[in-house]
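Reviewing the structure listed below.
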Amino acid sequence: MRKLSLLALSLVFLLSACAPTFQKQNEEVQTKEKDKGKAIIPKYNISDKYYRTILPFEPGQARGLVVNNINTRYDLNEFEMGLMRIAQNSFDTDKYYFREGQEIKEKTVRQLLSRQYTEEQLKAKSLKAADNIGLNPVDTGPPGEPSSPIYLAHILEHDYLTKDDKGNVSLGGITIGLALNTTYYYKVQVDSGTVEKEQHIDFADMEREGKKIAEEMIKRIRTMKNVSDVPITIALFAQQSKSSVVPGNFIAYTTVDKGSSSLNSWEKVDEKYYLFPSSDAQEAHRDDTIAFLNFKQDVEEYFPNFNGVIGRAFYVGDQLQNLDITIPIQFYGKTEGIGFTQYVTGLVMEHFPEYISVSVNVTSVDGPEALIVRKANENEPFVYIYQ
Numbered sequence: 001m002r003k004l005s006l007l008a009l010s011l012v013f014l015l016s017a018c019a020p021t022f023q024k025q026n027e028e029v030q031t032k033e034k035d036k037g038k039a040i041i042p043k044y045n046i047s048d049k050y051y052r053t054i055l056p057f058e059p060g061q062a063r064g065l066v067v068n069n070i071n072t073r074y075d076l077n078e079f080e081m082g083l084m085r086i087a088q089n090s091f092d093t094d095k096y097y098f099r100e101g102q103e104i105k106e107k108t109v110r111q112l113l114s115r116q117y118t119e120e121q122l123k124a125k126s127l128k129a130a131d132n133i134g135l136n137p138v139d140t141g142p143p144g145e146p147s148s149p150i151y152l153a154h155i156l157e158h159d160y161l162t163k164d165d166k167g168n169v170s171l172g173g174i175t176i177g178l179a180l181n182t183t184y185y186y187k188v189q190v191d192s193g194t195v196e197k198e199q200h201i202d203f204a205d206m207e208r209e210g211k212k213i214a215e216e217m218i219k220r221i222r223t224m225k226n227v228s229d230v231p232i233t234i235a236l237f238a239q240q241s242k243s244s245v246v247p248g249n250f251i252a253y254t255t256v257d258k259g260s261s262s263l264n265s266w267e268k269v270d271e272k273y274y275l276f277p278s279s280d281a282q283e284a285h286r287d288d289t290i291a292f293l294n295f296k297q298d299v300e301e302y303f304p305n306f307n308g309v310i311g312r313a314f315y316v317g318d319q320l321q322n323l324d325i326t327i328p329i330q331f332y333g334k335t336e337g338i339g340f341t342q343y344v345t346g347l348v349m350e351h352f353p354e355y356i357s358v359s360v361n362v363t364s365v366d367g368p369e370a371l372i373v374r375k376a377n378e379n380e381p382f383v384y385i386y387q
C-alpha cells in the first residue's frame, strides 16, 4: 500500500497549491472584449487532456438550461467532457484556453431550442417573425398528438481563446454541441390529469435531422458579431433515455473554416458506453464482459450475500478504454473496509488487462468509503480510504 502515502502527499501538494503564494506563478493577461479587463491564466495544467481556464471564471450564458434539457447526470457529464475531447481535434490544449460559452445568450438558446412556427401559431403566441428561429420541426398535429418529435434537446457552447505576443487574449474559435433525443417525451391531458408519453426516435432519423439542424445552426451563429469570422467545430450528441444508467455518446462532428458558413465533411465519432453486466455488453464485447463477471464473482465471495457490483465501460471503436466500477456495500467497522479495499485492489490487478484504466468506488450508506484507480499501463494502483 505504498501508494497510500504517495496519494496523501499529492493531496497536501494540491492543497498547498491553493495558497495565495501560488498566484505569483500565474500569468496576467489583457482580454480584448469590452469591459473584461485583466484576466489570469493559471501556470499549471493538471493534464494535457484539459485546457487551462481563463480566470476569473465566467459561467456559461445558458448555464441554467442544461440541467432541464439533459435527461441524466451521466449525459450531462459526458456531453460536456466529450465536447472538450472533440475540441482537441481543432484546438491544441497547449495553445488555446478554455472559457464557458459567452457568445450565444440564454434567450437565443431558448429560441433556437423551440419549434418552428406557422404564421397562425406566431399570431396565436403573439410572436414576431424575427422570433421564429427555432431549430426543431413545426408541430401541426392535434393536441396530445405531435406531428413530429423534438430532435434538438440542448445547445452547448465552449469558447477557446488565444494569446498574442503582447499578452492580449481574444476569441480564437468555438465548439458547439447539439444534444439530440433518442427518446422524445411529451405530455398528454387525460381525465385523471397529465401523463407523460414517450416516442422512440430511430437513429438514422436522429442523425439526419441533427445534421440538418447543424447547418441551420451555423447560419444563425455567423450573424453574431463576435463569431462571424472564427473557426467552429460542431458535434452531434445522442443522449440516452431518462432511465438509462450509462451516458449517451457523440456520434459525429464537423468543422467550419474561419469566415465560412459551409460545413466541411462529417467525421464519425466511434464511441459508446456499456453497462456491465448487461445483454448489450455481452453481445458486443463478450471477452470483456466475462472478465468483469469473474471480477464480480470474486467480490461476492468476500461477501456471499452481496451482488451489487456494476460497471460503466467506455469504448473507442472496439477497444475498451475506461472501466468505472461501483461497489455499494455496508461495513461494520473501518478495519473491515480496509481489508475489503485491499482485497478488491488485488482483484483489479488480476482481472483487467494493463492497457485499460480502471477505477473502483466503494460506497456505503454513509458515503464514499474507498477509491481505487489503476491507470492504463501502470503497475501499481492509487488507493485512498476515506476517513
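For the sequence shown, position 331 matches number 331 in the UniProt record's numbering, and the numbering has no gaps at all. Glycine is no exception: its CB is placed at the ideal position from the N, C-alpha and C atoms. A quick note: this is a predicted structure, and the numbers were derived from the prediction, not measured.
Nearest-angstrom Cα separation, counted from residue j out to residue i
i	j	result
residue 164	residue 278	51 Å
residue 90	residue 266	14 Å
residue 384	residue 369	9 Å
residue 330	residue 367	10 Å
residue 143	residue 190	11 Å
residue 220	residue 260	12 Å
residue 85	residue 49	8 Å
residue 389	residue 116	Outside the shown range of the chain, which is 1 to 387, sits residue 389, and nothing can be said about it.
residue 402	residue 316	The requested residue 402 does not occur in the structure, where the chain is confined to residues 1 to 387.
residue 41	residue 321	31 Å
residue 212	residue 202	16 Å
residue 242	residue 198	10 Å
residue 379	residue 342	16 Å
residue 82	residue 244	18 Å
residue 120	residue 128	11 Å
residue 399	residue 240	Residue 399 cannot be examined here, being either before or after the span of the chain that is shown, 1 to 387.
residue 15	residue 216	With a pLDDT of only 37 at residue 15, under the threshold of 50, the placement of this residue in the model should not be trusted, and no figure is reported.
residue 97	residue 335	45 Å
residue 273	residue 254	22 Å
residue 371	residue 125	53 Å
residue 247	residue 76	8 Å
residue 192	residue 146	21 Å
residue 218	residue 67	24 Å
residue 227	residue 167	21 Å
residue 232	residue 214	11 Å
residue 205	residue 310	32 Å
residue 301	residue 285	25 Å
residue 35	residue 53	Because the pLDDT at residue 35 is just 49, under 50, the model does not fix this residue reliably, and the value given afterwards should be weighed accordingly. About 19 Å.
residue 257	residue 223	15 Å
residue 22	residue 45	Legend: pLDDT at residue 22 = 39, less than 50; position of this residue unreliable, value from coordinates given subsequently. Those two C-alpha atoms are separated by around 13 Å.
residue 381	residue 323	14 Å
Reference residue i, options the options, closest by Cα
i	options	result
residue 104	225, 350, 386, 179	225
residue 303	273, 280, 337	337
residue 208	87, 136, 244	136
residue 61	293, 356, 159	159
residue 56	257, 206, 71, 39	39
residue 353	288, 297, 362	288
residue 149	44, 186, 166, 45	186
residue 132	111, 151, 147	111
residue 271	47, 79, 66	79
residue 356	340, 371, 377	377
residue 70	153, 294, 269	153
residue 340	323, 324, 361, 351	361
residue 294	285, 350, 247, 248	350
residue 65	285, 325, 157, 300	157
residue 88	175, 263, 130	175
residue 74	222, 138, 249, 333	249
residue 72	181, 285, 256	181
residue 332	346, 364, 223	364
residue 155	138, 139, 179	179
residue 444	297, 151, 291	Because residue 444 is not part of the residues shown, which for the chain are 1 to 387, the question remains open.
Supposed close pair residue i, residue j - CB separation, criterion 8 Å
i	j	result
residue 276	residue 313	6 Å
residue 177	residue 237	6 Å
residue 183	residue 95	Going by Cβ atoms, the distance from residue 183 to residue 95 rounds to 39 Å, so no, they are not a contact pair.
residue 344	residue 374	No, residue 344 and residue 374 are not in contact; Cβ-Cβ is about 11 Å, not under 8 Å.
residue 100	residue 58	6 Å
residue 325	residue 308	Not really, about 11 Å apart at Cβ, beyond 8 Å.
residue 269	residue 252	6 Å
residue 118	residue 138	6 Å
Bridge partners - residue i, DSSP secondary structure assignment
i	result
residue 175	158, 233
residue 373	359, 382
residue 189	194
residue 56	DSSP, once it has assigned bridges, lists no residue as partnering residue 56.
residue 44	DSSP lists no partner for residue 44.
residue 184	199
residue 239	181
residue 163	169
residue 136	115
residue 368	363
residue 152	180
beta-carbon residue i near the ligand NAD non-hydrogen atom, thresh 7 Å
i	result
residue 286	In the structure shown, the ligand NAD is absent, as is every other ligand, since no ligand is present at all.
Checklist entry - What runs of the beta strand (DSSP E), each 3 residues or longer, lie entirely inside the segment 67 to 101? => result Those beta strand (DSSP E) runs which fall completely within the segment 67 to 101 and span 3+ residues are 97 to 100.
Checklist entry - Can you give, in chain order, each stretch of the beta strand (DSSP E) that sits fully within the segment 242 to 320 and has at least 3 residues? => result Correct list: 249 to 256, 271 to 276, 310 to 316.
Checklist entry - Which whole runs of the beta strand (DSSP E) in the segment 320 to 366 are 3 residues long or more, in chain order? => result 357 to 364
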